[in-house]
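Residue numbers (this note's numbering), protein chains in the order written: chain A, 7 to 518; chain B, 7 to 518.
No residue lacks a Cβ here, since even glycine has one placed at the ideal position from N, Cα and C.
Structure, as structure tokens:
2 protein chains.
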Amino acid sequence: MSLESCPKHKNDSAKPSLMPVFEGSRKVYKPGVIFPELRVPVREISLDSGQRSLQLYDVTGAYTDPAANLDLRAGLPPLRRSWAGGCKPTQMTQALAGVISPEMEFVALREGLTPDFVRKEVAEGRAIIPANINHPECEPMAIGRNFLVKINSNIGNSALSSSVEEELEKMLWSIRWGGDTVMDLSTGKNIHATRERIIRNCPVPVGTVPIYQALEKVGGRVEDLSWPVYRDTLIEQCEQGVDYFTVHAGLLKALVPAARKRKTGIVSRGGSILAKWTQIHNQENFLYTNFEKICELLKEYDVAFSLGDGLRPGSTFDANDEAQFGELKVLGELTKTAWKHGVQIMIEGPGHVPLNKIKENMDRQLELCHNAPFYTLGPLVIDVGAGRDHITSAIGAAMIGWLGTAMLCYVTPKEHLSLPNKDDVKEGIIVHKMAALAADLAKGHPMAIAWNNAMSEARYAFRWEDQYALSLDPQTARRYREESFPKDGTSNRCCTMCGPDFCAMKITQEIK
Amino acid sequence: MSLESCPKHKNDSAKPSLMPVFEGSRKVYKPGVIFPELRVPVREISLDSGQRSLQLYDVTGAYTDPAANLDLRAGLPPLRRSWAGGCKPTQMTQALAGVISPEMEFVALREGLTPDFVRKEVAEGRAIIPANINHPECEPMAIGRNFLVKINSNIGNSALSSSVEEELEKMLWSIRWGGDTVMDLSTGKNIHATRERIIRNCPVPVGTVPIYQALEKVGGRVEDLSWPVYRDTLIEQCEQGVDYFTVHAGLLKALVPAARKRKTGIVSRGGSILAKWTQIHNQENFLYTNFEKICELLKEYDVAFSLGDGLRPGSTFDANDEAQFGELKVLGELTKTAWKHGVQIMIEGPGHVPLNKIKENMDRQLELCHNAPFYTLGPLVIDVGAGRDHITSAIGAAMIGWLGTAMLCYVTPKEHLSLPNKDDVKEGIIVHKMAALAADLAKGHPMAIAWNNAMSEARYAFRWEDQYALSLDPQTARRYREESFPKDGTSNRCCTMCGPDFCAMKITQEIK
Chain A
7 MSLESCPKHK
17 NDSAKPSLMP
27 VFEGSRKVYK
37 PGVIFPELRV
47 PVREISLDSG
57 QRSLQLYDVT
67 GAYTDPAANL
77 DLRAGLPPLR
87 RSWAGGCKPT
97 QMTQALAGVI
107 SPEMEFVALR
117 EGLTPDFVRK
127 EVAEGRAIIP
137 ANINHPECEP
147 MAIGRNFLVK
157 INSNIGNSAL
167 SSSVEEELEK
177 MLWSIRWGGD
187 TVMDLSTGKN
197 IHATRERIIR
207 NCPVPVGTVP
217 IYQALEKVGG
227 RVEDLSWPVY
237 RDTLIEQCEQ
247 GVDYFTVHAG
257 LLKALVPAAR
267 KRKTGIVSRG
277 GSILAKWTQI
287 HNQENFLYTN
297 FEKICELLKE
307 YDVAFSLGDG
317 LRPGSTFDAN
327 DEAQFGELKV
337 LGELTKTAWK
347 HGVQIMIEGP
357 GHVPLNKIKE
367 NMDRQLELCH
377 NAPFYTLGPL
387 VIDVGAGRDH
397 ITSAIGAAMI
407 GWLGTAMLCY
417 VTPKEHLSLP
427 NKDDVKEGII
437 VHKMAALAAD
447 LAKGHPMAIA
457 WNNAMSEARY
467 AFRWEDQYAL
477 SLDPQTARRY
487 REESFPKDGT
497 SNRCCTMCGP
507 DFCAMKITQE
517 IK
Chain B
7 MSLESCPKHK
17 NDSAKPSLMP
27 VFEGSRKVYK
37 PGVIFPELRV
47 PVREISLDSG
57 QRSLQLYDVT
67 GAYTDPAANL
77 DLRAGLPPLR
87 RSWAGGCKPT
97 QMTQALAGVI
107 SPEMEFVALR
117 EGLTPDFVRK
127 EVAEGRAIIP
137 ANINHPECEP
147 MAIGRNFLVK
157 INSNIGNSAL
167 SSSVEEELEK
177 MLWSIRWGGD
187 TVMDLSTGKN
197 IHATRERIIR
207 NCPVPVGTVP
217 IYQALEKVGG
227 RVEDLSWPVY
237 RDTLIEQCEQ
247 GVDYFTVHAG
257 LLKALVPAAR
267 KRKTGIVSRG
277 GSILAKWTQI
287 HNQENFLYTN
297 FEKICELLKE
307 YDVAFSLGDG
317 LRPGSTFDAN
327 DEAQFGELKV
337 LGELTKTAWK
347 HGVQIMIEGP
357 GHVPLNKIKE
367 NMDRQLELCH
377 NAPFYTLGPL
387 VIDVGAGRDH
397 ITSAIGAAMI
407 GWLGTAMLCY
417 VTPKEHLSLP
427 NKDDVKEGII
437 VHKMAALAAD
447 LAKGHPMAIA
457 WNNAMSEARY
467 AFRWEDQYAL
477 SLDPQTARRY
487 REESFPKDGT
497 SNRCCTMCGP
507 DFCAMKITQE
517 IK
């Protein structure tokens with residue numbers, strides 16, 4: 007494995023962790039109150055030479071714990087298996103019954119909320135805790151607009167690229183930079199084995215698009231897809247421990263003609279497969295007609311729905327059109343069906359949307375889908391950013407996150423061009439973490455405010471080490487300054503942007 | 007010089023240009039109608055194997071013209087010197103008198119507007135055409151909210167870094183990637199010589215902050231700054247051909263105490279200098295008390311004001327506070343004074359502002375500053391992005407651009423850490439071009455729509471060469487796809503993201 011090893015870091019433990027904690031940080035745990043066996047991970051940054059500290063949300067699992075006994079072949083310890091009550095699906099059913107689960111308290115401690123607030127949000131469908139009973143390695147987290155905005159990173163091979171070990175590395179790399187969930191979108195070889203390696207080692211929820219594997223099972227022939235093949239695939243993935251499924255059940259046969267008016271047709275892989283199937287067979291989408299059966303299955307394992315937007319716009323021209331909003335209406339109906347079964351659900355959203363059309367997406371989703379969490383891909387605010395579409399995506403993501411989207415799917419610099427490598431995954435994650443944090447800050451989240459203020463105070467006091475520790479990518483921040491900073495003893499109270507005589511903050515402090 | 011040379015490109019000329027035209031593009035000129043001697047540059051992209059083409063705004067001057075006779079030692083040809091009426095300041099005075107200048111028609115042709123519309127916008131102060139009579143090398147452009155959103159890139163040395171030739175290279179590099187104006191913020195050695203090299207070779211407006219050079223003239227001692235030293239500096243720079251000056255005339259002595267309540271005090275270099283001066287001398291800011299004299303000077307050369315926001319917030323905590331908006335009110339008063347003299351003016355804006363406070367910035371600026379163009383630095387929507395603050399800036403910039411900001415000052419990845427190098431300048435420019443284009447598209451600008459639609463059509467038709475040509479960074483887009491694409495003759499109708507069997511657009515087309 008190419009995981010970085012960190013033989014010596016600052017948390018005074020003799021045993022190195024597999025993944026170095028960010029500089030200036032150490033991993034600490036908060037105990038549960040209702041469930042004392044809970045150990046909720048936190049990244050604690052020491053500031054101002056140890057005079058104060060800041061606690062941040064941490065998704066890196068045992069990998070940043072020097073005391074953990076890690077073995078990538080055996081997988082992570084099955085954390086949730088020992089929790090009392092942790093195996094009774096679903097979180098929503100429990101929440102509706104007034105029960106606070108260990109998962110709910112875990113989430114509450116991570117987010118600085120009360121367990122009962124978490125329970126209420128889950129009960130009312132405004133938030134989900136994707137946690138398959140067969141993924142006990144997962145540290146519970148919530149996706150909902152009254153929680154921190156989350157981000158997902160997509161990994162997975164295609165027929166043209168990548169291996170099992172590479173995908174495992176991408177997953178680890180993704181949580182290292184702060185990915186809150188991971189979707190394995192493999193469509194190439196060894197789909198089952200790749201997913202197994204990922205799930206057993208993954209401390210965050212894992213999502214998939216089961217139609218991809220179902221299609222592989224029928225040799226790539228869309229016409230041969232059928233409910234039995236799909237159902238067997240769902241069972242296989244439920245058993246394995248997938249936490250949420252993208253299901254394109256809202257793409258009705260009658261909606262396909264509307265997509266023909268578009269500049270870019272259907273750009274969702276799952277959407278195009280289902281659209282083709284409905285046209286070949288001249289039958290309704292079998293995910294729609296079998297939706298209640300899918301609910302019954304997912305309920306057994308507490309797998310959450312991520313209802314796919316098969317008709318999301320793939321160009322700003324196509325944004326907010328009849329096809330897109332027609333499907334969204336169906337997704338709203340299916341949301342009620344899922345809730346009837348106590349199955350947790352979130353709704354996927356676009357895509358490519360110009361800035362002036364973003365708000366309508368959020369408004370309609372909340373209205374049509376009864377406040378179920380929204381999970382968007384970007385949106386990308388222009389079409390011509392090839393090579394830097396992670397940024398055109400982050401722009402739209404920040405805005406829609408502020409308006410109420412619960413989770414942002416990352417886009418990498420390679421979007422529209424090729425599969426991302428590790429560097430691309432890192433870039434994609436970090437810029438979408440920025441977008442999520444911008445949204446949290448605009449929503450007035452206390453953790454976001456505290457984090458940003460700590461940085462501003464460190465900046466004004468020229469505490470450079472603290473600035474590195476507080477930035478989203480400490481190593482890069484340090485490198486940028488240190489590469490250019492003269493080693494001749496020039497005052498630390500400036501940087502090369504302005505030099506020692508033109509530093510505004512220094513001059514301001516002289517006034518005081 | 008390290009300019010790339012391009013011995014062979016696609017515009018069929020025997021003579022190479024100093025700067026290669028982007029692939030798939032060629033430089034063409036539109037002639038004037040009122041002034042037939044005008045040659046307005048356009049980048050024309052050939053699409054669909056020559057069956058159609060798209061024309062884009064072009065800021066690269068003669069450097070991308072294979073027929074141009076270029077010599078960086080002699081400077082660019084003094085284009086505007088031969089224009090009838092081109093030397094009668096100011097554009098605003100002429101516009102108010104009902105006169106359409108060659109500069110106005112030039113702008114109209116660049117932007118796809120009528121010359122009289124341009125005249126009216128300039129007359130009413132909603133747009134400026136920064137064009138010092140002593141910068142005849144400059145190709146006129148407009149900054150105003152009814153025009154394409156522009157971006158500025160800052161270059162310039164500091165005491166700790168950079169040389170004259172490096173700064174010239176940064177300027178050329180900056181226009182190569184689409185910078186609409188360039189500010190030379192040098193504070194180190196050879197300020198005059200650096201600026202001379204830049205202006206003589208610069209086809210876009212050049213801005214400066216004259217207080218920096220004035221401070222160098224008094225040995226860096228703020229207390230020794232005085233109106234005579236500043237006035238002489240202004241004259242020197244007016245004579246040299248600077249097109250707009252940042253003047254921190256709105257930072258009144260009485261506003262300084264309000265900045266003491268902040269997390270990051272004063273973060274504008276010019277602002278901190280003036281604040282310190284007012285406190286040392288216990289006198290009103292001499293830029294404020296001499297503002298009418300400055301107007302009289304600028305009027306002679308048609309140099310535009312860029313009224314500095316010396317009290318812009320340097321942290322999201324400080325955004326929209328008493329100090330910031332107190333200064334903005336003064337800037338509004340000074341705007342009327344400048345207009346009284348026929349001097350063109352724009353207003354500088356923040357800084358660090360969370361998403362939820364951006365709109366108030368735009369609304370107040372329009373109201374307090376009587377629709378004068380707004381020119382913002384970002385705003386950065388979080389504080390913890392060190393190492394990638396070009397992106398936290400682009401997020402805020404896209405939003406404020408959509409709301410009506412006329413020009414966006416770029417921020418580079420090195421912001422808060424060190425001076426940018428060439429790669430950083432390129433990144434800063436491209437992400438802010440993206441932000442500007444996102445704003446143009448959201449405002450419904452026909453050029454932005456046409457550009458994005460051309461890309462979407464090329465994408466759906468798998469015209470990869472056209473996609474590269476239409477992206478903001480063709481070389482990078484090409485490299486990303488070609489690096490990973492198998493050379494084994496696999497269909498061109500996919501990329502490695504999805505592989506040949508899972509391409510949604512391909513499947514969609516099979517349905518049709």
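Check                                                                                                                                                                                             : Outcome
Can you tell which of A:Ala133, A:Thr252, A:Gln371, A:Gly256 has the C-alpha that lies nearest to the C-alpha of glycine 213 (chain A)?                                                           : A:Thr252
For aspartate 504 (chain A), go through chain B and note every residue whose CB falls closer than 8 Å to its CB, in chain order.                                                                  : The residue asked about is misnamed: residue 504 (chain A) is cysteine in this sequence, not aspartate. The answer, in chain order, is Ser164, Thr193, Arg275.
Between the region 455-487 of chain A and chain B, which residues of the former have a C-beta closer than 7 Å to a C-beta of the latter?                                                          : Trp457, Asn458, Asn459, Met461, Ser462, Glu463, Arg465, Tyr466, Gln473, Leu476, Ser477, Leu478, Asp479, Thr482, Ala483, Tyr486, Arg487
Give a yes or no on whether the C-beta atoms belonging to valine 48 (chain B) and glutamine 61 (chain B) are separated by under 8 Å.                                                              : yes
Under 8 Å, do arginine 227 (chain B) and proline 142 (chain B) count as touching if we go by C-beta distance?                                                                                     : no
Going along chain B, which residues have a C-beta under 8 Å from valine 437 (chain A)?                                                                                                            : Arg394, Ile397
Quick one: what does DSSP say proline 216 (chain A) is sitting in, helix, strand or coil?                                                                                                         : helix
Does lysine 428 (chain B) come out as helix, strand or coil in the three-state DSSP assignment?                                                                                                   : helix
By the three-class DSSP mapping on this structure, what secondary structure does aspartate 507 (chain A) have?                                                                                    : coil
At a CB distance below 9 Å, what residues from the region 146-161 of chain B approach chain E? Give them in sequence order.                                                                       : Absent from the structure is chain E; the protein chains it does hold are A and B.
Valine 309 (chain A) and cysteine 244 (chain A) look like a contact to me (Cβ under 8 Å); what is the Cβ gap, rounded to whole Å?                                                                 : 6 Å
Would histidine 422 (chain B) pass as an interface residue toward chain A - the criterion being a Cβ-Cβ separation below 8 Å?                                                                     : yes
Tell me, to the nearest whole angstrom, how far the beta carbon of alanine 510 (chain B) is from that of serine 274 (chain A); I am working on the premise that it is less than 8 Å.              : 6 Å
Helix, strand or coil for lysine 282 (chain B)? Go by DSSP, reduced to three states.                                                                                                              : helix
Give the residues from the region 331-357 of chain A that approach chain B closer than 9 Å (Cβ to any Cβ), ordered along the chain.                                                               : none
Would you call the region 413-423 of chain A and the region 157-166 of chain A touching, i.e. three or more CB-CB distances under 8 Å?                                                            : yes
Determine, using beta carbons only, whether alanine 329 (chain A) comes closer than 8 Å to chain B.                                                                                               : no
Kindly list the residues whose CB is nearer than 6 Å to the CB of lysine 432 (chain A), restricted to its own chain and excluding five residues on each side of it in sequence; keep chain order. : Trp183
Per DSSP, what are the beta-bridge partners of alanine 378 (chain A) in this structure?                                                                                                           : Beta-bridge pairing links alanine 378 (chain A) to no other residue.
Is the shortest distance between the beta-carbon of alanine 444 (chain A) and the beta-carbons of chain B less than 8 Å?                                                                          : yes
Could you check if proline 263 (chain A) is buried or exposed, using at least 16 other CB atoms within 10 Å of its CB as the buried criterion?                                                    : exposed
Proline 360 (chain A) CB to nearest chain B CB: under 8 Å?                                                                                                                                        : yes
Kindly list, in the order they appear in chain B, the residues whose Cβ is closer than 7 Å to that of serine 278 (chain A).                                                                       : Ala510, Ile513, Thr514
Would you check if the distance between the CB atom of serine 278 (chain B) and the CB atom of threonine 322 (chain A) is smaller than 8 Å?                                                       : no
Going by C-alpha distance, which of A:Asn459, A:Ile139, A:Lys282, A:Gly357 is nearest glutamate 516 (chain B)?                                                                                    : A:Lys282
Would you mind telling me which residues of chain B sit closer than 8 Å to tryptophan 408 (chain A), beta carbon to beta carbon, in chain order?                                                  : Leu361, Asn362
Out of A:Ala445, A:Glu290, A:Pro419, state which residue places its alpha-carbon closest to the alpha-carbon of isoleucine 364 (chain B).                                                         : A:Ala445
Could you tell me which chain B residues have their CB closer than 8 Å to the CB of phenylalanine 251 (chain A), listed as they occur along the chain?                                            : Within 8 Å Cβ-Cβ: nothing; phenylalanine 251 (chain A) doesn't reach chain B, min ~17 Å.
Run through chain B and tell me which residues come within less than 8 Å of glycine 391 (chain A), C-beta to C-beta.                                                                              : Met440, Ser477, Leu478
Grouping DSSP H, G and I as helix and E and B as strand, with all else coil, what is tyrosine 63 (chain A)?                                                                                       : strand
How far does the alpha helix (DSSP H) with aspartate 122 (chain A) in it reach, from first residue to last?                                                                                       : 121-129
Look at the alpha carbon of isoleucine 40 (chain B) and the alpha carbon of valine 155 (chain B), and state the distance between them as a whole number of angstroms.                             : 26 Å
Would you check if the distance between the CB atom of asparagine 140 (chain B) and the CB atom of glycine 67 (chain B) is smaller than 8 Å?                                                      : no
Kindly provide the ranges of any beta strand (DSSP E) runs that are 3 or more residues long and lie completely inside the region 327-361 of chain A, ordered along the chain.                     : 351-355
How many angstroms separate the CA atom of tyrosine 250 (chain B) from the CA atom of proline 136 (chain B)?                                                                                      : 6 Å
Pick helix, strand or coil for proline 263 (chain B), following the three-state DSSP scheme.                                                                                                      : helix
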